[in-house]
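Using the UniProt record's numbering, the first residue of the sequence shown is number 1, and each one after it goes up by one.
Glycine residues also receive a C-beta, built at the ideal position from the N, C-alpha and C atoms.
Since this is a predicted model, take the numbers as computed values, not measurements.
Each remark here refers to the structure printed beneath this line.
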Amino acid sequence: MVAAAYGTYDLSFGPDYLIPKPFDPRLIERIAPAVARAAMADGVATRPIADLDAYVEQLQQFVYHSGAFMKPLFAIAKQVVRDQGRARIVFTEGEDERVLRAVQVIVDEKIAKPILVGRPSVLLSRIEKYGLRLRLGEDVEVTNPEYDERFHQYWTTYWELMNRRGISKEMARVEMRRRMTLIGAMMVRLGDADGMVCGAVGAYHDHLRFIDEVLGKRPGAKTYAAMNILLLDQRTIALVDTHVNDDPTAEQIAEFTIAAAEEMKRLNLAPKVALLSRSNFGSGSSASGAKMREALERVRQQAPDLEIDGEMHGDCALDEALRLRILPSSTLKGTANLLVCPNVDAGNIAYNLLKTAAGGNVAVGPFLLGANAPVNILTSSATVRRIVNMAALTVIDANRPA
């Protein structure tokens, strides 16, 4: 947060950075509780705080705008760690500064049991450079891409999966040592990790390719999709698909609409779905509008209890009065909170515009829908807090009943 505000990424405690800068979150979440604790200990506090932990959580909401949404989810993840549940999450870009800073938070807050894919010498150097307190082998497990005794099993398993898809033994061996997401996916497949967070560096589809090759789709799923949640001032909105399907069919749209709605329910959000189009309830004759109308019928057949309507304009989705003026019989009540876009261009553009112009860059996701394992792919714009959030959500996903 401080690095972003001051345009530098090498700030760490020391002679050149002793007094926290105004954007340093520790001014609120560390110093204020410390002052309160000292005042109570010395007997000078006029209003002693009964629950300091609750006080700290309340302060964090002023620093991290996703705090209120994530608070109950963090509590679940922490309970999993306390109960020795499935919390080993592998971070495939372990040498990235944002990942290292996020893992420090994860260790401090006991949200997961991190595994870093990275060269130990580089990790140690960067941990020192960034002023972090991570202890390799104690706070975090390390998978060294240059040498790990498990790699023979990893690459031979990969070759067995891919030998009829043009991958030779030598290529499998080379790929396993240079593709960090491939390493992480294989760790999940073979039980050396419970979940994976990747994608802080590189193209989304490159990461998805390795996930598909090693882990595949969940039973019954035919397509992947990406859902993002935006925490706006007045509302919370999910968008799908923001990263995967260039021009999905009606069948694919129906599938990932239902999957996105189920994911929202698991996050304690009641889905209200709007299928978006430039056509408004049949007002246009475009192929896109027809596709969304067909998707609506498929969803109604497959998930008859889901509150949904379409196809409609974006303003109709968010403005009930306008929607009812156009179509009084609309089956969607109130404001839609799950916006389903007709193609990935529309979804990605809408997401990034809303995130930047109206959301203050406060987003949770992307959630990878359709995968046969608890894995999520970040984007290159991921912030430290977004990585922390996705780690907690991946822990929760890893502990859902089969």
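- Between Val117 and Thr143, the C-beta gap is smaller than 8 angstroms, which places the two residues in contact.
- For Glu93, the three-state secondary structure derived from DSSP is coil.
- In the DSSP annotation of this structure, Glu128 is not part of any beta strand (DSSP E); the continuous alpha helix (DSSP H) holding it starts and ends at 120 to 129.
- Annotated three-state conformation of Gly216 is coil, per DSSP.
- When DSSP reads this structure, Ile237 sits in a beta bridge with Leu230.
- Between Val340 and the set Gln301, Val364, Arg298, Leu275, the nearest pair of CA atoms involves Leu275.
- Contact between the region 173 to 186 and the region 225 to 235 is absent: fewer than 3 CB-CB pairs across the two stretches fall below 8 angstroms.
- Secondary structure note for Thr143: its beta strand (DSSP E) is the uninterrupted segment 141 to 143.
- With a contact defined as Cβ atoms closer than 8 angstroms, Pro120 and Val140 miss out at about 11 angstroms.
- Short of 7 angstroms from the beta carbon of Cys316, and not among the five residues preceding or following it, lie these beta carbons of its own chain, in chain order: Asn280, Leu322, Arg323, Ile326.
- Judged by their CB atoms, Leu332 and Glu311 are not nearer to each other than the 8 angstroms cut-off.
- Out of Arg218, Asn337, Arg101, Ala225, the CA that lies nearest to the CA of Leu267 is found in Asn337.
- DSSP places Asp309 inside the beta strand (DSSP E), whose first and last residues are 308 to 312.
- Cβ neighbours of Gly85 within its own chain (closer than 7 angstroms, five residues either side excluded): Asn399.
- Of the other Cβ atoms in all chains shown, 16 or more fall within 10 Å of the Cβ of Lys291; this residue is therefore buried.
- Counting along the chain, Gly365 sits inside the beta strand (DSSP E) bounded by residues 363 to 369.
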